[in-house]
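**Student:**
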Amino acid sequence: MKPGPVTVITGATRGLGYALAHELAEGGGHLVTLSRQPTPGLAELAQTHGTMLTEILVDLVDASALEQAAEQMAKVLSKSNDRQCRIIHNAGIVVPIEPADQLLDFQSIRTAFDVNITAPIYLTGHFLAHTRNCPDRRVMLISSGAGRHAYGSWGVYCATKAAMDRYAEVVHAEGHPNLRVCSLAPGVIDTGMQAQIRQTPESKFPAVGRFEDMHRQGMLANAAQTAHATLKLLASNTFGHKLLDDIRDNA
Ligand SMILES: NC(=O)c1ccc[n+]([C@@H]2O[C@H](COP(=O)([O-])OP(=O)(O)OC[C@H]3O[C@@H](n4cnc5c(N)ncnc54)[C@H](OP(=O)(O)O)[C@@H]3O)[C@@H](O)[C@H]2O)c1
4 MKPGPVTVIT GATRGLGYAL AHELAEGGGH LVTLSRQPTP GLAELAQTHG TMLTEILVDL
64 VDASALEQAA EQMAKVLSKS NDRQCRIIHN AGIVVPIEPA DQLLDFQSIR TAFDVNITAP
124 IYLTGHFLAH TRNCPDRRVM LISSGAGRHA YGSWGVYCAT KAAMDRYAEV VHAEGHPNLR
184 VCSLAPGVID TGMQAQIRQT PESKFPAVGR FEDMHRQGML ANAAQTAHAT LKLLASNTFG
244 HKLLDDIRDN A
């Protein structure tokens, strides 16, 4: 029997990442999480389903902690080149939400870039370097419609997600062997991030009414259902055929 895949995921504590990690923990193989805290209930779930679990605790904005986490991840991957190797860059932050003339806090801009694009590029580098002999390797970047359309006050968020899309195109263009890559917009999901968006005053985020309406009308996607569709796509033979994909086109 072929061993199950090894899947690395960032930001598994809440929201979409939590749902992805929980479904992965039920699926066998080896799950590696990179999060600031352990994911509630994950160890028990993995044990019940015979899934090997490595929880690496790391704040993605802490450069030296991230270096150590990348080394730990690399050790697992180096021993797993006989199986499918996957990485899902899920961790993300939407703040700062400010119009361009009020984006004045350097640290908050840098933090968003660190989490949303610097860490994915850095971890992908290590992933690629340590899976060279793997017959099937897959990189999934959780992007956003915000990377493909401009929203006022999301200058930082839109820029980081657009960067993710372009980075996916570059990695694909480099032609790494046995590699599929996809930057995926996951839709509008009922998570803490959406609650945070709705809490932003209209004076700071003019489009807030659109997200309030979607929430009021029950139009937000469920995190577990989105995770299920996302993992189905990741495992499918067509994964990577569409470099910039949208989960809503895969229903
Ligand atoms: N929700 C939506 O409607 C929506 C739409 C489009 C795209 N997305 C994208 O989907 C992904 C997941 O979003 P979500 O809605 O699930 O967000 P969420 O509920 O806010 O969860 C974000 C996750 O990222 C982690 N994270 C943030 N900063 C981190 C750091 N410095 N180090 C390590 N982990 C960190 C959080 O961990 P902590 O618990 O430690 O904070 C949490 O696990 C994001 O990339 C987001 O941009 C979401």
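When you line the sequence shown up against our numbering, it's residues 4 to 254, in that order.
Glycine included, every Cβ here is placed at the ideal spot set by N, Cα and C.
Have a look at Ser83 and Ala103 and give me their C-alpha separation to the nearest angstrom.
**Tutor:** Approximately 45 Å between the Cα atoms of the pair.
**Student:** Just how far apart, CA to CA, sit Glu47 and Pro189?
**Tutor:** So the two alpha carbons sit approximately 27 Å from each other.
**Student:** In chain order, which continuous runs of the alpha helix (DSSP H) of length 4 or greater are located wholly inside the stretch 164-243?
**Tutor:** Listed in chain order, they are 195-201, 211-219, 226-238.
**Student:** Give me the Cα-Cα distance between Ala122 and Leu63, rounded to the nearest whole angstrom.
**Tutor:** Taking the straight line from one Cα to the other gives about 6 Å.
**Student:** Can you tell me whether DSSP reads Glu29 as helix, strand or coil?
**Tutor:** Of the three classes helix, strand and coil, the one that applies to Glu29 here is coil, per DSSP.
**Student:** Extract the residue ranges of the beta strand (DSSP E) inside the stretch 11-85, only unbroken runs of 3 or more that lie entirely within it.
**Tutor:** Listed in chain order, the complete beta strand (DSSP E) runs (minimum 3 residues) inside the stretch 11-85 are 33-38, 55-60.
**Student:** Would you say the beta carbon of Ala94 is closer than 7 Å to some non-hydrogen atom of ligand 1?
**Tutor:** Yes, ligand 1 has a heavy atom inside 7 Å of this Cβ.
**Student:** If you draw a straight line from the C-alpha of Phe214 to the C-alpha of Ile96, how long is it?
**Tutor:** Cα to Cα, Phe214 sits roughly 17 Å from Ile96.
**Student:** Since Ile320 is in the beta strand (DSSP E), which residue starts that stretch and which ends it?
**Tutor:** Missing from the structure shown is residue 320; the chain here goes from 4 to 254 and no further.
**Student:** For Val173, count the other beta carbons within 10 Å of its own beta carbon; 16 or more makes it buried, fewer makes it exposed. Which is it?
**Tutor:** Classification for Val173: exposed.
**Student:** List the whole-angstrom C-beta distance separating Ala77 from His133, where the pair is believed to meet the contact cut-off of C-beta under 8 Å.
**Tutor:** 4 Å between Cβ atoms; contact.
**Student:** Around the C-beta of Asp248, are 16 or more other C-beta atoms found within 10 angstroms, so that it is buried, or is it exposed?
**Tutor:** So Asp248 counts as buried.
**Student:** For Ser147, tell me which candidate among Tyr160, Pro138, Ser156, Arg141 has the shortest Cα-Cα distance.
**Tutor:** Measuring from the Cα of Ser147, the nearest candidate turns out to be Tyr160.
**Student:** Count Cβ pairs between the stretch 101-117 and the stretch 130-145 that sit closer than 8 Å; are there 3 or more?
**Tutor:** No, because fewer than three Cβ pairs between the stretch 101-117 and the stretch 130-145 fall closer than 8 Å, the two stretches do not touch.
**Student:** Using the beta-carbon count (16 or more within 10 Å), is Gly18 buried or exposed?
**Tutor:** Looking at its Cβ environment, which holds 16 or more other Cβ atoms inside 10 Å, Gly18 is buried.
**Student:** Excluding the 5 residues preceding and the 5 following Ile192 in the sequence, name in chain order all residues of the same chain whose CB lies nearer than 8 Å to its CB.
**Tutor:** Around Ile192: Gly18, Leu19, Leu223, Ala224, Asn225, Ala226, Thr229.
**Student:** Tell me, to the nearest whole angstrom, how far the beta carbon of Ile90 is from that of Thr127; I am working on the premise that it is less than 8 Å.
**Tutor:** Rounded, the Cβ-Cβ distance is 7 Å, consistent with contact.
**Student:** Can you give the Cα-Cα distance for Pro6 and Ala238, rounded to whole angstroms?
**Tutor:** So the two alpha carbons sit approximately 14 Å from each other.
**Student:** Report the option in Leu144, His218, Gln110, Ala73 whose CA atom is closest to the CA atom of Asp165.
**Tutor:** The amino acid occupying residue 165 in the given sequence is Ala; Asp does not appear at that position. Comparing Cα positions, the closest option is Leu144.
**Student:** For Pro209, which of Thr16, Ser111, Gly158 has the nearest alpha-carbon?
**Tutor:** The option with the nearest alpha carbon to Pro209 is Gly158.
**Student:** For ligand 1, any of its heavy atoms closer than 7 Å to the Cβ of Leu19?
**Tutor:** The answer is yes for Leu19.
**Student:** So if DSSP puts Asp248 in a beta bridge, which residue, or which two residues, is it bridged to?
**Tutor:** Note: Asp248 sits in a beta bridge opposite Leu187.
**Student:** My understanding is that Ala72 touches Val61, with C-beta atoms under 8 Å, so please give their C-beta distance in whole angstroms.
**Tutor:** With 8 Å as the limit, Ala72 and Val61 qualify as a contact, their Cβ atoms being about 4 Å apart.
**Student:** Check whether the Cβ of Ala66 lies closer than 7 Å to any heavy atom of ligand 1, and answer yes or no.
**Tutor:** Ala66: no, Cβ never under 7 Å from ligand 1.
**Student:** Mapping the DSSP letters down to three states, classify Cys88 as helix, strand or coil.
**Tutor:** Residue state, collapsed to three classes: strand.
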